[in-house]
Amino acid sequence: MARQLMATKMYVPPTRPGLVVRARLLDRLSSGAAARLTLVSAPPGFGKTTLLAEWVRTATAASRRVSWCSFDAAESDASSFWSYVMASLAAVVPGLDDARRELTAGGAAPSPQAITSLLNELAGAAEEVWLVLDDYHVIEDHDVHDGVRFLLEHLPPWVHVIISTRVDPDLPLSRWRVRGELVEIRAADLRFTREEAADYLQSAPGLELTATDIDALSERTEGWIAALQLAALSLRGREDVSGFIERFAGDDRYIVDYLMDEVLVHQPADVREFLLLTGVLDRLTPGLCDEVTGLGNGAQMLIGLERANMFVVALDDQLTWFRYHHLFADVLRARLLAERPAEMPPLHRRASNWYANQGFTDDAIRHALAAKDYERAGVLIEDALPQARRDRRDATLIGWLRALPAEVVRRNPVLTTLEAWTFLVAGDLDALESRLDHAEALLAGADSASPGAETAELRTLPASIALYRASLAQARGDLAGVMLHARRVLEVAGPDDHFWRGAAAGFLALAAWSQGNVQLALETFTSAVASLHSAGAIVDELNSTALLAEMWTVAGRPGKARALCERALAAADALGLGAARASADLQVELAELDLDAADLTSAEQRLAVAQPLGEREPNSESRYRWFLAAGRLAELRGDHAQAIALLDEAEVRYRPGYYPNVRPIAAMRARVWIAAADFARAEDWAADCGVGVNDEADYLKEYQHLTLVRLLLAKHAGQPDVLDSVVALLGRLEVAAQETGRAGSLVDIRALLAQAQNPGSADEVARSRPGAPGQLGEALTERELDVLRLLDTELTGPEIARRLFVSHNTLRTHTKHIFTKLDVTTRRGAVARARERGLG
3 MARQLMATKM YVPPTRPGLV VRARLLDRLS SGAAARLTLV SAPPGFGKTT
53 LLAEWVRTAT AASRRVSWCS FDAAESDASS FWSYVMASLA AVVPGLDDAR
103 RELTAGGAAP SPQAITSLLN ELAGAAEEVW LVLDDYHVIE DHDVHDGVRF
153 LLEHLPPWVH VIISTRVDPD LPLSRWRVRG ELVEIRAADL RFTREEAADY
203 LQSAPGLELT ATDIDALSER TEGWIAALQL AALSLRGRED VSGFIERFAG
253 DDRYIVDYLM DEVLVHQPAD VREFLLLTGV LDRLTPGLCD EVTGLGNGAQ
303 MLIGLERANM FVVALDDQLT WFRYHHLFAD VLRARLLAER PAEMPPLHRR
353 ASNWYANQGF TDDAIRHALA AKDYERAGVL IEDALPQARR DRRDATLIGW
403 LRALPAEVVR RNPVLTTLEA WTFLVAGDLD ALESRLDHAE ALLAGADSAS
453 PGAETAELRT LPASIALYRA SLAQARGDLA GVMLHARRVL EVAGPDDHFW
503 RGAAAGFLAL AAWSQGNVQL ALETFTSAVA SLHSAGAIVD ELNSTALLAE
553 MWTVAGRPGK ARALCERALA AADALGLGAA RASADLQVEL AELDLDAADL
603 TSAEQRLAVA QPLGEREPNS ESRYRWFLAA GRLAELRGDH AQAIALLDEA
653 EVRYRPGYYP NVRPIAAMRA RVWIAAADFA RAEDWAADCG VGVNDEADYL
703 KEYQHLTLVR LLLAKHAGQP DVLDSVVALL GRLEVAAQET GRAGSLVDIR
753 ALLAQAQNPG SADEVARSRP GAPGQLGEAL TERELDVLRL LDTELTGPEI
803 ARRLFVSHNT LRTHTKHIFT KLDVTTRRGA VARARERGLG
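Just add 2 to the spot in the sequence shown (first one is 1) and you have the working numbering.
Here you go:
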C-alpha cells in the first residue's frame with residue numbers, strides 16, 4: 003500500500019501544543035555533524051519523534067538540507083525502504099535521478115554498487131545533508147541493515163544520518179563508539195527534567211496546575227513523556243485536580259491502563275467507537291477504516307484525531323495515511339479485547355478483505371491469521387505462493403505455514419505439499435514422504451476435499467508432488483526413481499509451466515551426472531536453467547548456474563565454468579542483497595576453481611565474501627559447500643587439523659536432496675589424513691567406505707576410488723602386486739571417463755596412473771620412455787608425456803602444476819623441454835605435433 007505514497011512521503015510532524023524546546027538535546031543532535039551517526043534509542047513514549055521534529059525545524063531554518071523518513075512495517079523490505087529514502091532525499095538534494103533509478107530498479111535489494119552511486123552523487127552536494135530515519139526499529143530485513151551499514155561506512159563528511167529507534171539497530175555501534183564516530187541520546191537523556199515537565203504541563207491547554215501538582219506528576223511519572231501527555235489529557239476539565247494527582251500511582255503498565263481508561267471515557271461516543279474499532283490496524287487510511295468500522299467517517303475522523311493530538315501520527319504530507327502511537331494502539335487493542343473480544347475477528351477479517359482487494363497479499367494474510375480465519379488464510383497463501391517461490395521468500399512461507407493449525411494444513415493438498423517442502427529443507431526424508439502421500443490422497447479425493455476455488459498452485463500440484471518425489475529419490479540415491487518422477491513432472495506440467503519443467507529437467511541432468519554422463523547432464527541442465535529464466539525464477543536460475551559450472555569443470559572446461567560463474571555473479575550483484583544466496587554459491591564455486599588452479603589467495607578472498615552472504619540462510623541445502631571449500635583451502639595450506647574441523651562442520655550441515663553426492667565428505671577427510679601422513683585413520687576409512695581396487699568403474703564412487711588409490715600409492719608404493727591392482731583400477735576408470743566425456747576426471751586419473759607406473763620417480767627427474775621409432779630426435783620422458791596430455795586441455799599452467807603436484811617453475815621447465823624436443827614454440831603447436839606423431 004505504501005508504493006503509491008513513495009514520492010510524497012517526506013513529512014515532519016507539526017508543532018504540538020505544549021511543545022517543550024529542549025535545548026540540551028537539540029545541541030546534542032547538532033553535534034552529530036562531527037560523527038558518522040547520531041542514534042536516538044529509547045522505549046516508546048519518550049518523545050523521540052517530537053524531539054527530532056523540533057530539531058528538523060531549527061535545522062531547516064538554518065538552511066540545512068534535511069530528509070525525513072518515518073517507517074512502519076510496510077517499508078521494512080529493502081525495495082520499499084530504499085524507494086522511500088530516495089524519494090525523500092530527492093526532495094532536498096537535486097540531481098539524484100541516476101542513483102534513484104539504480105537503487106529502486108528491479109524491486110530487489112540494491113547492490114553495493116547502486117549505493118555507491120548514491121554516495122557519489124551526495125558527495126557533490128554543495129551544503130550539509132542530513133538524513134533522518136525515524137521508527138527504524140520496524141526494519142527487520144537484513145538486506146536493509148546491510149545497505150545502511152554500507153552507506154554509513156562510506157558517507158562523505160558533510161552528509162549525516164540520524165536514526166531514531168526503540169531498539170539498537172544491527173550496526174557496528176561499538177566500533178563507531180570507540181572511534182568517537184557515534185553520538186547517542188538514550189532514555190535517560192530523554193526523560194523530562196522537573197523543569198521540562200513543568201514547562202510542558204504549564205503550556206498544555208485546559209490545565210491549571212500548582213507547583214506542588216507539577217512536582218507530584220513529574221516525580222510519579224519519572225519523566226516518562228507519554229505518561230505526562232496522558233495525564234494532561236485526562237486532567238482536562240477536572241475540578242479535583244489535586245485529588246486526581248494524589249490518587250495517581252503505580253508502575254508504568256498500570257499508569258497507562260488507568261490513564262487510557264480516563265482518556266477513552268472522556269471522548270465523545272463516536273470518537274471512542276472509532277478508536278476501538280480501528281485499533282486493530284497498523285496503518286490507517288479512510289477507505290480501510292470505512293471498510294473495518296462500517297461507519298463511513300474515516301476521512302473526517304482521522305483528520306480530527308490528528309489535529310486533536312490524539313496519539314495519531316501522519317505518514318504523508320497529504321494526510322492520507324496515518325498510524326496510532328504504538329503505545330496507544332497497544333492499549334486500544336487490549337481494551338477492545340477486554341470489553342468486546344467477539345468483535346476482533348470480524349474487524350481483522352474486513353481488513354483482510356480490503357487489503358486483498360487492493361492487492362496487498364501479505365497484509366491480507368496477516369489479518370486473516372489474526373482473525374483466525376485459517377481457511378481464508380490458506381487460500382491467500384496459495385495465491386501468494388507462486389510469486390513468493392520465485393522471489394525465494396522461504397522464511398516468509400515457513401512463517402505463514404507455522405501460523406496455521408495442523409488440521410487446516412492437513413485438509414489442504416497445496417499446503418500439505420508446502421509442508422512437505424519444509425521437511426525436505428530440514429532433511430527429514432520420512433516426514434517428506436509421508437506428507438507427499440497425504441497430499442496425493444487429498445488430491446485424489448481419498449480424504450476431505452480441499453476448500454476454496456482452484457488456484458494456480460492446485461492446478462500444478464501433480465507436477466509439484468512429482469518434483470518433490472524426485473528430490474526424495476535423489477536424497478536416497480535412487481537414480482531410477484529420480485528419472486521416473488522427473489519424467490512424470492514433464493508429463494503432467496503444461497507447456498507454460500516453465501518452473502516445473504525446468505526443475506524436472508534439472509533432476510534428469512543430475513541423474514545423468516550421477517551416472518557419469520556429463521555431456522548429457524550439461525545439455526539437459528543448460529535447458530533447465532533456460533526454463534527457470536522463462537519462469538522468472540531468477541534467483542533459482544543464478545543458484546543453478548553454480549551447479550552448471552561444476553559440471554563444466556568435470557567435463558574438463560574450467561575456463562567455461564569460470565566465465566559462467568562470473569557472468570552470473572555480476573547479475574546477482576545487480577539484483578542486490580535479495581540474491582545473497584546465489585552470490586554466495588557462485589563465490590564458493592569460483593573459490594573451488596581457484597583452489598584447482600592453486601590460487602589460494604583468491605580462493606580465500608572469495609570465501610570471505612561468501613561467508614556473511616551464506617550466513618543469511620544458514621539452513622540452505624548448499625550452505626555446507628562453503629565449509630567444503632574452506633576445508634580444502636586449509637588442507638592446501640598445511641593446516642590439517644583446521645581442515646578436518648571444517649569438513650566435520652560441513653557434514654553436520656549436509657542435507658541430501660538436490661545434488662548427487664559425488665564428493666563424499668568422509669573421502670575428503672581421508673585425503674586430508676593422507677596428506678598429513680596419518681595413514682592409520684585413512685586405512686580405517688578405507689575399511690569402512692565399501693570400495694576396493696577390484697571394483698568396476700562407477701562415477702558415484704570415483705572420488706572414493708581415487709582417494710583409495712592415493713592411499714595405496716602413499717603407503718604401498720614399493721609393492722608390485724598392489725601397484726598392478728591400482729593400475730588396473732585406474733585403467734577401468736580412465737575408460738569410463740573417456741566414454742562419458744569427463745575430461746576433468748581424466749586429468750586426475752592420468753596423473754595418478756603416471757605415479758603408479760613410475761613409483762620411484764621424482765617430479766624433476768622422471769624415467770624416459772622412447773617415442774615411436776624415427777619420429778623424435780630425442781624421446782620425451784614419462785613426466786613430459788604427462789605434461790603433454792594436460793596441455794591438451796583447458797587447464798591453465800597453475801592448474802596443470804596443481805594436478806601434477808609440482809611447482810609452477812618445474813612445469814615451465816618440462817614445457818620448455820617438450821617444445822624443444824617437438825620443435826615447436828607454442829602449446830597449441832605441441833599438441834598438434836604430438837597428435838601427428840601418435841604421442842600421448
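No residue lacks a Cβ here, since even glycine has one placed at the ideal position from N, Cα and C.
| task | Taking Ala505 as the reference, give the member of Arg471, Ala482, Asn519 and His440 with the closest Cα. | result | Here residue 505 is taken as the residue at index 503 of the sequence shown, counted from 1. For Ala505, the closest of Arg471, Ala482, Asn519 and His440 by C-alpha to C-alpha distance is Arg471.
| Hey, how far is the Cα of Asp143 from the Cα of Leu173? | Your numbering for residue 143 matches position 141 in the sequence shown. Your numbering for residue 173 matches position 171 in the sequence shown. Distance between Asp143 and Leu173, taken at the CA atoms: about 13 Å.
| task | Report the three-state DSSP secondary structure of Ser604 (helix, strand or coil). | result | The sequence position of residue 604 within the sequence shown is 602, counting from 1. Helix at Ser604.
| task | Please list, in chain order, all residues of the same chain as Glu104 whose beta carbon is under 6 Å from its beta carbon, the five residues on each side excluded. | result | For the purposes of this step, residue 104 is taken as the residue at position 102 of the sequence shown. Here Glu104 has Ala116 and Ser119 as same chain residues with Cβ atoms under 6 Å from its own Cβ, once five neighbours each way along the sequence are excluded.
| Nearest to Gly245 by alpha carbon, out of Pro288, Leu211 and Leu649? | Reading the sequence shown from its first residue, position 243 is the one you call residue 245. With distances taken between Cα atoms, Gly245 lies closest to Leu211.
| query | Using 8 Å as the threshold, is the stretch 281-299 in touch with the stretch 338-352, meaning 3 or more CB pairs across them? | reply | The stretch 338-352 and the stretch 281-299 touch, with three or more beta-carbon pairs separated by less than 8 Å.
| task | Would you tell me roughly how many angstroms separate the C-alpha atoms of His810 and His816, rounded to the nearest one? | result | Here the question's residue 810 lines up with position 808 in the sequence shown. Here the question's residue 816 lines up with position 814 in the sequence shown. About 10 Å.
| Which residues bound the beta strand (DSSP E) around Pro186? | Along the sequence shown, read from residue 1 onward, the residue named residue 186 stands at position 184. Residue identity check: residue 186 is Glu in the sequence provided, not Pro. In the DSSP assignment, Glu186 falls within the beta strand (DSSP E) that extends over Leu184 to Arg188.
| If you compare alpha carbons, which of Leu339, Phe276, Thr322 and Arg337 is closest to Met312? | As a first step, residue 312 is located in the sequence shown; it is residue number 310 there, counting from the start. Of all alpha-carbon atoms in Leu339, Phe276, Thr322 and Arg337, the one lying nearest the alpha-carbon of Met312 is that of Phe276.
| said: Cutting at 8 Å between CB atoms, please list the residues of its own chain near Leu755, excluding the five before and the five after it. | reply: Taking the first residue of the sequence shown as 1, we reach residue 755 at position 753. Cβ-Cβ distances below 8 Å link Leu755 to Val729, Leu732, Gly733 and Glu736 in the same chain, with the five nearest sequence neighbours on each side left out; the list follows chain order.
| query | Since Gly380 contacts Leu406 with CB under 8 Å, what's their CB separation in whole angstroms? | reply | Locating residue 380 in the sequence shown gives position 378, counting from the first residue. Locating residue 406 in the sequence shown gives position 404, counting from the first residue. Between Gly380 and Leu406 a beta carbon distance of about 6 Å is seen, short of the 8 Å cut, so the two are scored as contacting.
| request: Decide yes or no for the touch test of the stretch 48-66 against the stretch 226-234: beta carbon pairs closer than 8 Å, at least 3 of them. | output: Of all C-beta pairs linking the stretch 48-66 to the stretch 226-234, three or more are shorter than 8 Å, placing the two stretches in contact.
| query | Considering only C-alpha positions, which residue in the set Gln759, Ala537, Ala574 and Ala523 is nearest to Thr555? | reply | Taking the sequence shown and counting its residues from 1, one reaches residue 555 at position 553. Per the C-alpha coordinates, the member of Gln759, Ala537, Ala574 and Ala523 positioned closest to Thr555 is Ala523.
| field | Backbone CA spacing between Val411 and Leu420 [nearest angstrom] | value | Looking up residue 411 in the sequence shown gives position 409. Looking up residue 420 in the sequence shown gives position 418. Separation of Val411 and Leu420 (C-alpha to C-alpha, rounded to the nearest whole angstrom) is 9 Å.
| said: What residue range does the beta strand (DSSP E) around Ser166 cover? | reply: Within the sequence shown, numbered from 1, the residue matching residue 166 stands at position 164. Run containing Ser166: Val161 to Thr167, per the beta strand (DSSP E) assignment.
| Mapping DSSP to helix, strand and coil, what is Tyr656? | Counting from 1 along the sequence shown, the entry for residue 656 is found at position 654. Secondary structure at Tyr656: coil, using DSSP grouped into helix, strand and coil.
| request: From the DSSP output, in three-state form, read off Asp217 for me. | output: Within the sequence shown, numbered from 1, the residue matching residue 217 stands at position 215. Under the three-state reduction of DSSP output, Asp217 falls in the helix class.
| field | CA-to-CA distance, Arg814 to Gly799, given in whole angstroms | value | If you number the sequence shown from 1, residue 799 lands on position 797. If you number the sequence shown from 1, residue 814 lands on position 812. Distance between the alpha carbons of Gly799 and Arg814: 8 Å.
| task | Identify whether Arg771 lies in helix, strand or coil by the three-state DSSP scheme. | result | Taking the sequence shown and counting its residues from 1, the one referred to as residue 771 is at position 769. For Arg771, the predicted structure reports a pLDDT of 32, less than 50, and the residue's modelled location is therefore unreliable. A value from the coordinates is still provided. Three-state DSSP puts Arg771 in coil, outside helix and strand.
| Are the stretch 706-717 and the stretch 671-691 touching, with three or more C-beta to C-beta distances below 8 Å? | Counting Cβ pairs under 8 Å, three or more are found: they touch.
| said: According to DSSP, simplified to helix, strand and coil, what is Val826? | reply: For the purposes of this step, residue 826 is taken as the residue at position 824 of the sequence shown. Coil at Val826, not helix or strand.
| Which of the three DSSP states, helix, strand or coil, is assigned to Val42? | Position 40 of the sequence shown, counted from the first residue, corresponds to residue 42. In the structure shown, Val42 sits in a strand (DSSP, three-state: E or B).
| request: Return the first residue and the last residue of the beta strand (DSSP E) that Trp855 is part of. | output: There is no way to answer for residue 855, as the model of the chain reaches only from 3 to 842.
| said: Quick check for students: name the residue ranges of the alpha helix (DSSP H) that lie wholly in the stretch 340-406, counting only runs of 4 or more. | reply: Within the stretch 340-406, the complete alpha helix (DSSP H) runs of at least 4 residues are 346-360, 363-372, 376-392 and 396-405.
| Buried versus exposed, by CB contacts within 10 Å (16 or more), Gly33 | Start at 1 with the first residue of the sequence shown, and residue 33 comes out as number 31. The amino acid occupying residue 33 in the given sequence is Ser; Gly does not appear at that position. Per the 10 Å Cβ criterion, exposed.
| request: Could you check if Glu568 is buried or exposed, using at least 16 other CB atoms within 10 Å of its CB as the buried criterion? | output: The residue given as residue 568 occupies position 566 in the sequence shown. Glu568 comes out exposed.
| request: Could you tell me if the beta carbon of Lys703 falls within a distance shorter than 7 Å of some heavy atom in the ligand NAP? | output: Inclusion of the ligand NAP in the displayed structure is not the case, the ligand content being empty and no account of it being possible.
| query | Between Ala576 and Ile540, what straight-line distance do the alpha-carbon atoms span, to the nearest angstrom? | reply | Translated into the one-based positions of the sequence shown, residue 576 becomes position 574. Translated into the one-based positions of the sequence shown, residue 540 becomes position 538. In this model, Ala576 and Ile540 are separated by some 12 Å (Cα to Cα).
| Are the CB atoms of Thr106 and Ser85 nearer to each other than 8 Å? | Position 104 of the sequence shown, counting from 1, holds the residue named residue 106. Position 83 of the sequence shown, counting from 1, holds the residue named residue 85. Judged by their CB atoms, Thr106 and Ser85 are nearer to each other than the 8 Å cut-off.
| query | CB-CB under 7 Å to Arg274, same chain, minus the five flanking residues each way: which ones, in chain order? | reply | Looking up residue 274 in the sequence shown gives position 272. So the list reads Leu266, once near-sequence residues are dropped.
| task | On the DSSP bridge assignment, give the partners of Trp70 in chain order. | result | Your numbering for residue 70 matches position 68 in the sequence shown. Beta-bridge partners assigned by DSSP to Trp70: Val134.
| said: Please report the straight-line C-alpha distance between Ala189 and Ala44, rounded to a whole angstrom. | reply: For the purposes of this step, residue 189 is taken as the residue at position 187 of the sequence shown. For the purposes of this step, residue 44 is taken as the residue at position 42 of the sequence shown. One C-alpha to the other measures close to 5 Å.
| request: Kindly identify the DSSP beta-bridge partner or partners of Tyr326. | output: Along the sequence shown, one-based indexing puts residue 326 at 324. Tyr326 has Val314 as its beta-bridge partners, per DSSP.
| message | Less than 8 Å between the beta carbons of Leu635 and Ala652, yes or no? | response | For the purposes of this step, residue 635 is identified with residue 633 of the sequence shown, where counting begins at 1. For the purposes of this step, residue 652 is identified with residue 650 of the sequence shown, where counting begins at 1. A distance of 8 Å or more separates the beta carbons of Leu635 and Ala652.
| task | Can you give me the Cβ contacts of Ala570 inside the same chain, cut-off strictly under 6 Å, excluding the 5 residues immediately before and after it? | result | Here the question's residue 570 lines up with position 568 in the sequence shown. Only Leu544, Thr547 and Leu588 meet the Cβ criterion.
| Residues near Leu41 in its chain [Cβ-Cβ closer than 6 Å; skip 5 each side] | Start at 1 with the first residue of the sequence shown, and residue 41 comes out as number 39. If we look at Leu41 and ignore the five residues flanking it on each side, its Cβ neighbours are Ile165 and Glu186.
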